[in-house]
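Q:
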């Protein structure tokens, strides 16, 4: 038995992909229809009407010239960049939207001192280019304290200043020399407060454990004496 009404069913798999789904398929169909109008003036009128509807669909883009420009760009993108109308803004170029983003440059060299990290390596390279020796030494002292903090965050045990100065000299290729008499900041002033608190908590647990053990020994001695 066939129905008296014929329904034209349009499945999603058979539909053209939406260029900008946020605007919905009806906007895309309106633009496709406007492109078929032969009279340029009629196409311009239709385009302006569509822009108003797009502004209602996406109200965040209304009331600002830059954002209005974006709506016009969106309409040209949805149209496939071949909508022949008069636009108040320069028409976007198809190739500008088709090319992918510039690749992210990844460092090709291995980090020699991993506990300092690549950022500190880059800072050392930058300071090494300073031509004024006095300025380079001053910046080197500040950089040495940064390195000491990074070292202590990696290894919570204390580190001698001579180790940091030696690493800085080696990493800079001998261009940054921190004088022997210069003292770096104390570890307690450099260590991350969160790590410092964690260390204190660990010490507290250890001390508590020792006290408990002492208490058990006393109790055990008391029991022995009582038995005797």
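Numbering (my numbering), first residue to last: 28 to 255. Glycine included, each C-beta is placed from N, C-alpha and C at the ideal position.
1) Excluding the five sequence neighbours on either side, which residues of its own chain have a C-beta within less than 7 Å of the C-beta of residue 196, listed in chain order?
2) Taking residue 141 as the reference, give the member of 212, 124, 180, 97 with the closest Cα.
3) Can you tell me the Cβ-Cβ gap for residue 81 and residue 98, rounded? I've got them flagged as a contact below 8 Å.
4) Taking DSSP as the reference, what is the three-state secondary structure of residue 150?
5) Does the segment 104 to 117 come into contact with the segment 44 to 62, if we say contact requires no fewer than three beta-carbon pairs (one atom in each stretch) closer than 8 Å?
6) Distance check for residue 149 and residue 169, CA to CA, integer angstroms please.
7) Do you know how far the Cα of residue 100 is from the Cα of residue 211?
8) Quick check for students: name the residue ranges of the beta strand (DSSP E) that lie wholly in the segment 147 to 208, counting only runs of 3 or more.
9) Excluding the 5 residues flanking residue 209 on each side, which residues of the same chain have their C-beta closer than 7 Å to its C-beta?
10) My understanding is that residue 171 touches residue 192, with C-beta atoms under 8 Å, so please give their C-beta distance in whole angstroms.
11) Return no unless some Cβ of chain D is closer than 8 Å to the Cβ of residue 61.
12) As a quick exercise: from 56, 173, 75, pick the residue whose alpha carbon is nearest that of residue 147.
13) According to the Cβ coordinates, are residue 124 and residue 62 closer than 8 Å?
14) Taking the continuous alpha helix (DSSP H) assigned at residue 212, which residues delimit it?
A: So, from the data block:
1) 203, 204
2) 180
3) 5 Å
4) helix
5) yes
6) 15 Å
7) 57 Å
8) none
9) 168
10) 6 Å
11) The structure shown has no chain D; it contains just one protein chain.
12) 173
13) no
14) No alpha helix (DSSP H) holds residue 212; DSSP gives it neither H nor E.
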